[in-house]
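Using numbering that gives the first Met the number 0, read the sequence shown as starting at 0 and increasing by one per residue. Built from N, CA and C at the ideal position, the CB exists for glycine as well. The structure presented is a predicted model; accordingly, all values stated were derived computationally and were not measured. Here the structure is laid out as structure tokens; the discussion comes afterwards.
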Amino acid sequence: MPSPRTSSSSGSVWIGLSILGILLAGSFFYFRRENKYAPVLPPGASKTVREKVTPTPPVSSRPSPTPALAGRPRVILIIDDFGYVNADLIEAFCGLPIPFAGAVLPYQPESQLSAERLHQNQKEVMLHLPMEGRASANPGPDALLDSLGEQEMIQRTRKALQAVPYIVGSNNHMGSVVTSNRVKMKWILREIKARRLFFIDSRTAATTVAAEVAEELQIPQASRNVFLDDEKDFKAIETQWKRGLRIAQQEGQVVMIGHVYPETLRALQRLIPSATKEVRFVLPSEVLLKR
Numbered sequence: 000m001p002s003p004r005t006s007s008s009s010g011s012v013w014i015g016l017s018i019l020g021i022l023l024a025g026s027f028f029y030f031r032r033e034n035k036y037a038p039v040l041p042p043g044a045s046k047t048v049r050e051k052v053t054p055t056p057p058v059s060s061r062p063s064p065t066p067a068l069a070g071r072p073r074v075i076l077i078i079d080d081f082g083y084v085n086a087d088l089i090e091a092f093c094g095l096p097i098p099f100a101g102a103v104l105p106y107q108p109e110s111q112l113s114a115e116r117l118h119q120n121q122k123e124v125m126l127h128l129p130m131e132g133r134a135s136a137n138p139g140p141d142a143l144l145d146s147l148g149e150q151e152m153i154q155r156t157r158k159a160l161q162a163v164p165y166i167v168g169s170n171n172h173m174g175s176v177v178t179s180n181r182v183k184m185k186w187i188l189r190e191i192k193a194r195r196l197f198f199i200d201s202r203t204a205a206t207t208v209a210a211e212v213a214e215e216l217q218i219p220q221a222s223r224n225v226f227l228d229d230e231k232d233f234k235a236i237e238t239q240w241k242r243g244l245r246i247a248q249q250e251g252q253v254v255m256i257g258h259v260y261p262e263t264l265r266a267l268q269r270l271i272p273s274a275t276k277e278v279r280f281v282l283p284s285e286v287l288l289k290r
């Protein structure tokens, strides 16, 4: 007959083994439950922690200015009257080493060529919209005349807007009479707004309301500060150029307008290199359309 001590010792062993078995079984079922919700990996794959990837921002097709350039005063240069000059002069202007906008007259022998070459040379194309002025000079075919009624004014504006490719904005050719007429300018500018273009008031008359009406209609707009070549000799152009640069330094921005004259071209070729050390030449759309 086994002794009480032996029976007690055997009972303790059995109790211990039973507890161990229960613990092992519990662990088995616990880990099965955890793995039930773990992702299934393909053979040979290992669990890895995926890094958070920051998307690369899209790269603009137009390079951003360097910080040094970005802080400089801005010069918007517009060259008027492309359309009737010969191909050699078009090419020479397109070769200027700065951004500028060429304002192209519609219905002229070289209107299409001018727009094509400006666009191909990364210059900007504007419609130089013919309007009636106070002088006796003819503003051109299908010009916008103060005598026109609303429908005829709208039709002529639409025709001109369709006549020149690649346009991003417009300014007035002559137009001292029409730009002083608030009602007529509303008819014209509504068509420009419908095409999401900007408008630059050439300010051929002190009585102009064109920029004011454009602002009322919430059209991106600016006004000319300086005409470069009312007189075509170099000294006169240089004087106006320096005046424009002073305005840029004082105001942060200037709009200068010249014309496709050989004298203007030669002056710009001489004046641009030193100016690029002081100011930043920009396309109008960069400022007005935030492109």
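- Looking at the DSSP output, Leu76 sits in a beta bridge with Met255.
- Annotation for Pro219: Phe197, Leu287, Leu288 place their beta carbon closer than 7 Å to its own, counting only its chain and skipping 5 residues before and after.
- Fewer than three pairs of CB atoms, one per stretch, sit closer than 8 Å, so the stretch 101 to 116 makes no contact with the stretch 145 to 152.
- Taking the Cβ atoms as the reference, Tyr83 lies roughly 16 Å from Val124, outside the contact range of under 8 Å.
- Spatial neighbours of Thr203 in its own chain (CB-CB distance under 8 Å, excluding positions within 5 residues in sequence) are listed in chain order as Gly132, Asn171, Met173, Gly174, Ser175, Thr178.
- One Cα belongs to Gln121, the other to Pro98, and the distance between them is close to 7 Å.
- Taking a 10 Å sphere around the C-beta of Gly168, we find 16 or more other C-beta atoms and assign the residue as buried.
- By the beta-carbon neighbour count (other beta carbons within 10 angstroms, threshold 16), Ser135 is exposed.
- Between Lys185 and Ile191, the alpha-carbon positions lie close to 10 Å from each other.
- Within the same chain, Cβ atoms closer than 8 Å to the Cβ of Asp80 are found at Ala102, Leu104, His127, His172, His258, Val259, the five residues on either side in sequence being excluded.
- In this structure, DSSP gives Asp145 a state outside helix and strand, which the three-state scheme calls coil.
- With contacts defined by Cβ atoms closer than 8 Å, Ala221 and Ile199 form a contacting pair.
- Exclusion of the five residues before and after Leu216 leaves Lys185, Leu188, Arg189, Lys192 as the residues of its chain whose Cβ lies within less than 8 Å of its Cβ.
- For Arg279, DSSP records a beta bridge to Arg73.
- Within the stretch 79 to 116, complete beta strand (DSSP E) segments of at least 3 residues are found at 100 to 103, given in chain order.
- Here Ser273 carries a helix assignment [DSSP, helix/strand/coil].
- In the three-state DSSP reduction, Pro129 falls in the strand class (E or B).
- Check the Cα spacing between Val225 and each of Arg71, Gly70, Ile77, Pro72: the tightest is with Ile77.
- Taken atom to atom, the span from the alpha-carbon of Val281 to that of Ile75 is near 6 Å.
- If you check the CB distance, Pro272 and Leu88 do not come in under 8 Å.
- About 5 Å separates the CB atoms of Pro72 and Val278; that is less than 8 Å, so the two are in contact.
- Between the alpha carbons of Ala247 and Trp240 lies a gap of roughly 11 Å.
- DSSP places Gly243 within a helical segment (H, G or I) once states are collapsed to three.
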